[in-house]
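One line per chain: the protein sequences are P and Y, in this order. Its first residue numbered 1, the first sequence is counted upward by one per residue in the numbering used here. Its first residue numbered 1001, the second sequence is counted upward by one per residue in the numbering used here. Each remark here refers to the structure printed beneath this line.
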Amino acid sequence: MILNEQQLAENNRKSMSSYLAPRVRDIQPSGIRKFFDLVSGNKDIITLGVGEPDFVTPWHVREACVYSLERGFTGYTSNAGMPELREAIAEYLNDSFHVTYNPANEIIVTVGGSEAIDLALRALIVPGDEILIPEPCYISYSPIASIGGGVPVGIETTAEHHFKLTAEALEAQITPKSKILILCYPSNPTGAIMTYEDWLPIAEVVEKHDLIVISDEIYAELTYEGKHVSFASMPGMMDRTILVSGFSKAFAMTGWRMGYVCAHSDLIAAMLKIHQYTVMCAPAMGQVAALEALRNGMGEKDRMVESYNQRRRLVVQGLREIGLDCHEPQGAFYAFPSIKGTGLGSEEFAQRLLTEAKVAAVPGTAFGLGGEGFIRCSYATSIAQLNEALERMGNFVGKIK
Amino acid sequence: MEELSELKLKVLDLLKEDARRSPALLSTLLGVEEEEVKTSIAELERDHVIVKYATVVNWGKVEDEKVTALIEVQITPERGRGFEGIAERIYLFPQVKSVYLMSGAYDLLVEVEGGNLREVANFVSEKLSPIDSVLSTKTNFILKKYKQDGIIFEERQEDNRLLISP
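Spelled out as structure tokens, the structure:
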């Protein structure tokens, strides 16, 4: 009886959505969310839909955190993060990517790279500012820009240019309201990277139109051809660039939510205000783990990167053998094959692949402009699973072609 | 000792994880021609870098469990041959699974396997201790193996990631 009364009460509750801010209410649920609901009910699925490493955080990192908890390290840290951690981040960025930041006033440790992007956008956006976003891209940029009062403007990148951003494509979307360019290379979902030569013309356009760049380099370590080039390291771009990164991908630490943001001290000071009034500081135990990862985790990181690289070759070759066009992904852990040859759209292909072949991949349309005709296949899963998934996909594609 | 090429090291790493991986799979994973992989493996086998492709067995799962002991052995080295001759006398016994020369309080660490405690004890008293240069032995029976050759025996948790994530 009590249950029924509760249900009755539920049914009689009035809708509260009219109280919501329109800029939040009007945000569409992500295509990934829709697909997640579809997948959850299915059994015996092999998933190529996971956007995180298949490694568990290395034990020495977990152990360092456990030890700190045993020692009672459970209080706040300074707002910007533990000084030792900021120093370690500065040293790491300098050694690995040749960008120099002062740990005292140019770095904030954040709750994942996501918070860093939110901080940067909220600190910069004046309502109506246009935020340029090369797509297909990670699903959060455009909603965060909208919540911050900005107007997201997609820039389509194409397989023809290996999903790299070109100066022409960027220039074509610039208006007097353009203020911020969000970059994410190596790219989720395409696996595209940008070399020094690729960046040069982009830097020129950024300079010419006085843009600020938010460069999300969370996949920097997962670069397989050559070495990652940070946009902040490009001549003249240091002060214009807000560098966002974190520990999730390189050190297999997604659930820890440990990220950081580096920029000119004027910008960092503004972001720190938002950070200190909203989250106070990143979790202390996560910071201890992150410090351990930087101090003693490079060997393990290199082994994980080598393992992704091996599986990258396996998946790209497998997809091509199936008859799907697949540009060579040179970073992150995603392949982004074209499914145009099958005559199906991305969503239909992904749905049928799921129900008929029991393989989950994310339709390219979830990632914005230019995603139609592609699916994202994460290869952060075991070799045995990848081989099985490729076989199932092969049978499926053979059947519908 | 020769310094191995990067390719050979990677081949060894992949085969150590799973010795049944085919040259075709290795060539895909490593992005080199299959012939190159085959040549590398042949050379590693020829040079006895790859000694054998064995199976790691969790005998704890099997009903008639074997008994394994690690025996610390102190010996007097032989003039001119050091420990080699004695080590050989010991490792030629089939019930001896491994022999290591150690630094520290004893000289050889000998792993002995038998069907039961008595078999192992008999081996120590009848074969090992009577060897002239063996000064003393200390037998440690293994009660449970948790991890061997980098492989954890306990069945691990499955992948508990979300099936789809951004």
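Think of the CB as a built atom: it goes at the ideal place given N, C-alpha and C, for glycine as much as any other residue. On a predicted model such as this, the values are computed, not experimentally measured, just so you know.
{"Check": "Using only the heavy atoms of the ligand HEM, determine whether one of them is closer than 7 Å to the beta carbon of P/E204.", "Outcome": "The ligand HEM is not part of this structure, which contains no ligands at all."}
{"Check": "Return the residue from the list P/Q385, P/A366, P/R352, P/C377 that minimises the CA-CA distance to P/F396.", "Outcome": "P/R352"}
{"Check": "Against chain Y, with Cβ distances strictly below 8 Å, would P/A360 count as a contact?", "Outcome": "yes"}
{"Check": "Output needed in chain order: residues of the segment 35 to 62 of chain P with a Cβ under 8 Å from some Cβ in chain Y.", "Outcome": "F35, F36, V39, S40, I45, T47, G49, V50, G51, E52, D54"}
{"Check": "Which of the three DSSP states is assigned to P/S338 in this structure?", "Outcome": "strand"}
{"Check": "My parser needs the beta strand (DSSP E) runs of 3 or more residues fully inside the segment 129 to 155 of chain P; what are they?", "Outcome": "130 to 135"}
{"Check": "Can P/I218 and P/G368 be called in contact, C-beta distance under 8 Å?", "Outcome": "no"}
{"Check": "Does Y/D1159 get closer than 8 Å to chain P when you measure Cβ to Cβ?", "Outcome": "yes"}
{"Check": "In chain Y, which residues lie with their C-beta within 8 Å of the C-beta of P/S30?", "Outcome": "P1166"}
{"Check": "Judging by CA-CA distance, which residue of P/G81, P/P136, P/L132, P/T57 is the nearest neighbour of P/A145?", "Outcome": "P/L132"}
{"Check": "State the Cα-Cα distance for the pair P/K401 and Y/G1115, rounded to the nearest angstrom.", "Outcome": "60 Å"}
{"Check": "Just reading off the beta strand (DSSP E) that P/N42 is part of, what are its end residues?", "Outcome": "Unbroken run through P/N42: none, as it is neither H nor E."}
{"Check": "Among P/R13, P/L85, P/D37, P/P53, which one has its Cα closest to the Cα of P/E292?", "Outcome": "P/L85"}
{"Check": "Going along the chain, which residues of the segment 119 to 141 of chain P sit with their C-beta nearer than 9 Å to a C-beta in chain Y?", "Outcome": "Y138, I139, S140"}
{"Check": "Assuming P/I242 contacts P/A263 (C-beta within less than 8 Å), just tell me the rounded distance between them.", "Outcome": "4 Å"}
{"Check": "If distances are taken between C-alpha atoms only, which option among P/T190, P/V244, P/I46 comes closest to P/A389?", "Outcome": "P/I46"}
{"Check": "Of all Cβ atoms in chain Y, is any one closer than 8 Å to the Cβ of P/R13?", "Outcome": "no"}
{"Check": "From what residue to what residue does the beta strand (DSSP E) around Y/K1066 run?", "Outcome": "Here Y/K1066 belongs to no beta strand (DSSP E), and DSSP marks it neither H nor E."}
{"Check": "Would you kindly work out how many angstroms separate the C-alpha atoms of Y/Q1148 and Y/S1027, rounded to a whole number?", "Outcome": "28 Å"}
{"Check": "Tell me the DSSP secondary structure of Y/E1158 in three-state form.", "Outcome": "coil"}
{"Check": "Is the Cβ of P/Q317 closer than 8 Å to any Cβ of chain Y?", "Outcome": "yes"}
{"Check": "Between P/P176 and P/I155, how many whole angstroms is the CB-CB distance? I'm expecting something under 8 Å.", "Outcome": "P/P176 to P/I155, Cβ: 17 Å. No contact."}
{"Check": "In the DSSP output, what is P/M258 paired with across the bridge?", "Outcome": "P/V111"}
{"Check": "For Y/N1140, name the three-state secondary structure that DSSP assigns.", "Outcome": "strand"}
{"Check": "Give me the chain Y residues within the contact set of P/Q310, using Cβ-Cβ distance strictly less than 7 Å, ordered along the chain.", "Outcome": "L1029, L1030"}
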